[in-house]
Amino acid sequence: DQQVKQNSPSLSVQEGRISILNCDYTNSMFDYFLWYKKYPAEGPTFLISISSIKDKNEDGRFTVFLNKSAKHLSLHIVPSQPGDSAVYFCAARPYNAGNNRKLIWGLGTSLAVNP
Amino acid sequence: DAGITQSPRHKVTETGTPVTLRCHQTENHRYMYWYRQDPGHGLRLIHYSYGVKDTDKGEVSDGYSVSRSKTEDFLLTLESATSSQTSVYFCAIRGGQQETQYFGPGTRLLVL
């Protein structure tokens, strides 16, 4: 059972507009959420994260919003650029991850930004 | 750049042969991870290590073994490769202020 869900496999937006990528989770016992971006033939790269005690974190064009009551987070990219075209993964870190601190991953959303 | 390299970057092998993938890091991180990525499955954890000679299984560990005899190297072995192990394999380390995972460039493995 997927504990972290990215329900949209793909998203297409126009250059300059806002891209909104969504992620839902089912377990309340996550203390940290992360977004990664992945280009073809490369490893995932860390993009932005948010602690469960916050509801917003911003870094340049990227903002992550966390709605704990809805168990929902979203990544906003404004303005979108063609270079943002990639697969975006949402990941969550359990509170009691023990020694390994394993991340729980969504399946990814493929974003296409059209010129 | 977290100083992670993977070798080989590409490999074609035959069913039944052993295969070893290497992950090398230069920054002395304690935690290292092996993932595989497949269409429709996202990233799945195979094995991880929390120190030299300290390893444990992930969610898809069957058919794989790992070893970590030095801090900088984490090896993933397919004892007898099968076609279902055709995949892209990523190594990651855990580091940074928020203990984020940082990934290597990946190894593309094709088992014929």
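One line per chain: the protein sequences are A and B, in this order. Each residue of the first sequence is one higher than the last, beginning at 1 in the numbering used here. Each residue of the second sequence is one higher than the last, beginning at 1 in the numbering used here. We put the CB at the ideal spot given by N, CA and C, even for glycine. Computed from a predicted structure; not experimentally measured.
Whose C-alpha, out of the options, is nearest the C-alpha of residue i?
i             : options                  : result
residue 51/A  : 45/A, 28/A and 3/A       : 28/A
residue 76/A  : 6/A, 18/A, 14/A and 10/A : 18/A
residue 124/A : 111/A, 80/A and 62/A     : Residue 124/A falls outside the range modelled here, since chain A spans only 1 to 115, and no answer is possible.
residue 61/B  : 53/B, 112/B and 34/B     : 34/B
residue 75/B  : 8/B, 9/B, 23/B and 48/B  : 23/B
residue 51/B  : 42/B, 29/B and 83/B      : 29/B
Taking the beta strand (DSSP E) that residue i belongs to, which residues open and close that run?
i             : result
residue 32/B  : 32-38
residue 129/A : Absent from the structure is residue 129/A, since the part of chain A shown begins at 1 and ends at 115.
residue 54/B  : 54-57
residue 96/B  : Premise fails: residue 96/B is in no beta strand (DSSP E) and is neither H nor E.
residue 86/A  : 86-94
Check this for me: beta carbons of residue i and residue j, under 8 Å apart or not?
i             : j             : result
residue 37/B  : residue 91/B  : no
residue 27/B  : residue 104/B : no
residue 85/A  : residue 64/A  : no
residue 85/B  : residue 63/B  : yes
residue 53/B  : residue 68/B  : yes
residue 72/A  : residue 24/A  : yes
residue 108/A : residue 106/B : no
Thinking residue i and residue j are a contact (beta carbons under 8 Å), I'd like their distance in whole angstroms, please.
i            : j            : result
residue 90/A : residue 33/A : 7 Å
| request: Below 9 Å between beta carbons is the criterion; list the residues of the segment 96-112 of chain B that meet it against any residue of chain A, in chain order. | output: 96, 98, 99, 100, 101, 102, 103, 104, 105, 106 and 108
| Closer than 7 Å, Cβ to any Cβ of chain A: which residues of the segment 79-98 of chain B, in chain order? | 90, 94 and 98
| For the segment 38-71 of chain A, which residues have a beta carbon sitting closer than 9 Å to at least one beta carbon of chain B? | 38, 41, 42, 43, 44, 45, 46, 49 and 51
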